[in-house]
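Participant: Protein chains in written order, with full-length UniProt numbering: chain L, 1 to 469; chain G, 1 to 439. Just so it is clear, CB atoms sit at the ideal spot from N, CA and C, and this is done for glycine as well. Since this is a predicted model, take the numbers as computed values, not measurements.
(1) Mind listing the chain G neighbours of residue 50 (chain L)? Cutoff is C-beta to C-beta under 7 angstroms, in chain order.
(2) Please decide whether residue 205 (chain G) counts as near chain L, where near means a Cβ-Cβ distance under 7 angstroms.
(3) Taking only beta-carbon positions, decide if residue 402 (chain G) is within less than 7 angstroms of chain L.
(4) Out of L:174, L:66 and L:391, state which residue places its alpha-carbon closest to the alpha-carbon of residue 429 (chain L).
(5) When you compare each of G:67, G:36 and G:127 to residue 103 (chain G) by their alpha carbons, which one comes out closest?
(6) Would you verify that the beta carbon of residue 273 (chain G) is, or is not, closer than 7 angstroms to some beta carbon of chain L?
(7) Can you pull the chain G neighbours of residue 324 (chain L), defined as C-beta to C-beta under 7 angstroms?
(8) Using the Cβ count rule (16 or more neighbours within 10 Å means buried), how would you classify residue 188 (chain G)?
(9) With DSSP run on the structure shown, which of helix, strand or coil describes residue 9 (chain G)?
(10) Can you list, in chain order, the stretches of the alpha helix (DSSP H) that have 4 or more residues and sit fully within the region 161-220 of chain G?
(11) Excluding sequence positions up to five away, which residues of its chain have a Cβ less than 6 angstroms from the Cβ of residue 389 (chain G)?
(12) Can you tell me whether residue 319 (chain L) is buried or exposed? The criterion is at least 16 other CB atoms within 10 Å of its CB, across all chains shown.
(13) Determine whether the Cβ of residue 255 (chain L) lies closer than 7 angstroms to any Cβ atom of chain G.
(14) If you measure from the beta carbon of residue 440 (chain G) to each beta carbon in chain L, is any gap under 7 angstroms?
(15) I'd like to know if the region 132-152 of chain L and the region 218-238 of chain L are in contact, where contact means that at least 3 CB-CB pairs between them fall below 8 angstroms.
(16) Quick check on this structure: which residue in L:171, L:179, L:210 and L:209 has the alpha carbon closest to the alpha carbon of residue 229 (chain L)?
(17) I'd like to check one pair, residue 254 (chain L) with residue 360 (chain L): are the Cβ atoms closer than 7 angstroms?
(18) Is residue 326 (chain L) near the ligand MN, in the sense that its beta carbon is under 6 angstroms from a heavy atom of that ligand?
(19) May I have the straight-line CA-CA distance separating residue 210 (chain G) from residue 393 (chain L), to the nearest angstrom?
(20) Suppose you measure from the CA of residue 180 (chain L) to the CA of residue 233 (chain G); what does that come to, to the nearest Å?
(21) To the nearest angstrom, how far is it from the Cα of residue 263 (chain G) to the Cα of residue 251 (chain G)?
(22) Taking C-alpha atoms, which residue in L:416, L:34 and L:232 lies nearest to residue 144 (chain L)?
(23) Quick check for students: name the residue ranges of the alpha helix (DSSP H) that lie wholly in the region 306-385 of chain L, counting only runs of 4 or more.
(24) Answer with buried or exposed for residue 424 (chain G), where buried requires no fewer than 16 other C-beta atoms within 10 angstroms of its C-beta.
(25) Could you work out which residue in L:248, L:24, L:357 and L:465 is closest to residue 450 (chain L) when comparing CA atoms only?
(26) Given a cut-off of 7 angstroms on the beta-carbon distance, is the pair residue 247 (chain G) and residue 260 (chain G) in contact?
(27) Counting only beta-carbon atoms, is residue 376 (chain G) nearer than 7 angstroms to chain L?
(28) Per DSSP, residue 119 (chain G) is paired with what?
(29) Measuring only between beta-carbons, confirm whether residue 142 (chain G) sits less than 7 angstroms from chain L.
(30) Using Cβ-Cβ distances below 9 angstroms, what residues of the region 326-352 of chain L are close to chain G?
(31) Mind pulling the chain L residues with CB within less than 7 angstroms of residue 278 (chain G)?
(32) Use the C-beta contact count for residue 106 (chain L): other C-beta atoms within 10 angstroms, 16 or more gives buried, fewer gives exposed.
(33) At a Cβ threshold of 7 angstroms, is residue 53 (chain L) touching chain G?
(34) Can you pull the DSSP bridge partners for residue 109 (chain L)?
(35) How many whole angstroms separate the CB atoms of residue 174 (chain L) and residue 459 (chain L), which I take to be in contact at a CB cut-off of 8 angstroms?
(36) Using a Cβ-Cβ cut-off of less than 9 angstroms, give me the residues of the region 148-162 of chain G that come near chain L, in sequence order.
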């Protein structure tokens, strides 16, 4: 079999068209890696400048009442991810700026897509675009006449007479085409690795390895299926058009239809509905800015009792800060409920979409590609969750300072100095480790493995019925 | 006559090819699905607008009940006094909508990148958090909804490819191409007639599905939407017909023709737009709105702590007629007058910041437009977006209208406060009428 693969490659390398297409394609791939990397670096620079600017504003606060500082708040900018230079995933459609402040959990805003007119329906020129859409087509073009040509020229019969088994021939042809895709993939990853050698971590390497695995599996499915059709159909054109049909249905048609459908099966609320429901639940809790609110009064009684005093002025603490924090705590539970619901709907949508991999391995590839490159919705949600956790700590620090910092209830003119504001840590984004989210992609990988087994089975059983001429 | 015979004979070819028939049927199914998606979004946006309007009516009725019952506001919020212009305007629910065009059925465009309703307050800005898109799955937004324009822009060239790929190549492979040329006289007319057959077939299919779409959102009620969109769809079809015709004319065999056709499609649908988008984001990285952030925090604080004289000076410069108001003329004291008026000054600064953002976005759009001559799919996409009012420019207009509404609200508030107006039920209704004009 190894000899057949060697011969196949010898033929391929001799073909000028093949070499021409390969060189042109490698040039585009290189361009995509360089541009992807350069864009990520440039975006990182913009992100760093904005983060530094906002932090500088925060640490420059001379003196301010802690609760006023909670309203002043801060801003968090979604960091660009080194891996997103390979697959950008959802990054261009999600927002980039999130305001962190007291009482309110804001939504992330200002997406890249909203800042210009429409350009590309399939995203930027990132390696993933070429690896997902173009490389499989190249593999189809390489494989569609690999067996039918041999049949027409009579070489297939000759090979069998020389002792090669049809199964060996078909598998060897499949592997030689697959190898072409894998070599392109390795080439991309090596260039990417060289360009980012300074920043490579174990997590990035593990993610890249899994990225390689999922593309390797998909390329095998495409190569095997095309060679199988080439062997089964009497003419090459039929094999080519069948595979083109499958490619169109798998990559253009089904993912779009399925994604649109899952959003209808598991519907998210409209923003207005969502906000109205949040507002209603919030109104059932304590109002931090309203001392005459019933729940505020109940809390006041509880605190007075705890400290064994009769009035707020006798308290050694500032009750306003405590009331604000109680308001926050209630607001947090409302957020957990409503955003939790949204997250669970999004999870259901994702799971339904993943099941689409049963009929379309391209869906599994898209999921794993984005997921392993940390640019899918799951990673976006993880980022939002980290910001919300930071917001809670940030506001609690300010409210605690208001409560226990030495001021008295009602003294809104009391201010904290610059040292306090400097002591509040900035948001430190911790990239999600692949080990923490790997379980979410097992279904996708398993479905691609099943597809690989299916294609192998088709080749093994299908080759028995192949006509030699 | 001979050409007509070739044309009609192609029908026999077509019905004898199950592969082509299945492709056309799949295309029709995708079109209907896309039209349905567009119509669903149209319905969804309209019903959401209706729901918000109803909510606003309830809010209005609640505030009216305060006037009717001689109340100043809700019992649990004693600081509210709806007889003051500030609180009366605060309780005047004003929404600005971007009402969906019936043409949404044909093209969703950039609709899902933006919000379509906005609650207007004196401190509102067209770049507020509620101006972002509806809550949705970003993975779906990223892959895009399968709407009719997607079917046209990406699937139509592929369908045309499936219908045309073996013309001439098949005859050449079977060795009877010279015979065909002898029988038909002109090989160009033979090729043209066969290509024309599929072009007419597709035009009929497109007309049919577009007609079906028109019944979903009352397209015919609006000014020639159907005609304009059909015209551009036809032009787009001709664009691909010409490219494929030239490939067939100069091509040698079916396989090479197919590869060339798919190659051109990949170039126009994937490689060029993706490269342009990559280039634009390198040239002009995503704006993180730092200028806007600065105004919303630092400039706002600076304005609020200014001296009364300075605030008065700026307000008089902004509204020269303010000098004629009761407060300015009689020098009477209105509680927190300046503090309640500074939102108008902050609004001016916000407008300056948003203007620079819009300018930057415009320069990005200019760069994109410059690529149209070699980036036809983006050109046709944006053309369809313009026709269905879902282009970036339509949302810019929507933002401008919001800004005008905010300006109007601020001006009304400042003048009412400076005239020391006591609000009653009639006045409150007048506020609602004045501000709702901008809806």
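Facilitator: So, to answer that:
(1) 288 and 290
(2) no
(3) no
(4) L:391
(5) G:36
(6) yes
(7) Correct list: empty, because the minimum Cβ distance to chain G is about 17 angstroms.
(8) exposed
(9) helix
(10) 169-174, 177-184 and 187-217
(11) 101
(12) buried
(13) yes
(14) Residue 440 (chain G) lies beyond the range of chain G shown here (1 to 439); nothing can be said about it.
(15) yes
(16) L:171
(17) yes
(18) This structure lacks the ligand MN, and indeed carries no ligand of any kind.
(19) 55 angstroms
(20) 39 angstroms
(21) 14 angstroms
(22) L:232
(23) 319-355 and 361-372
(24) exposed
(25) L:357
(26) yes
(27) no
(28) G:95
(29) yes
(30) 342, 345, 346, 349 and 350
(31) 35, 39, 124 and 125
(32) buried
(33) yes
(34) L:97
(35) 7 angstroms
(36) 150, 153, 154, 155, 158, 161 and 162
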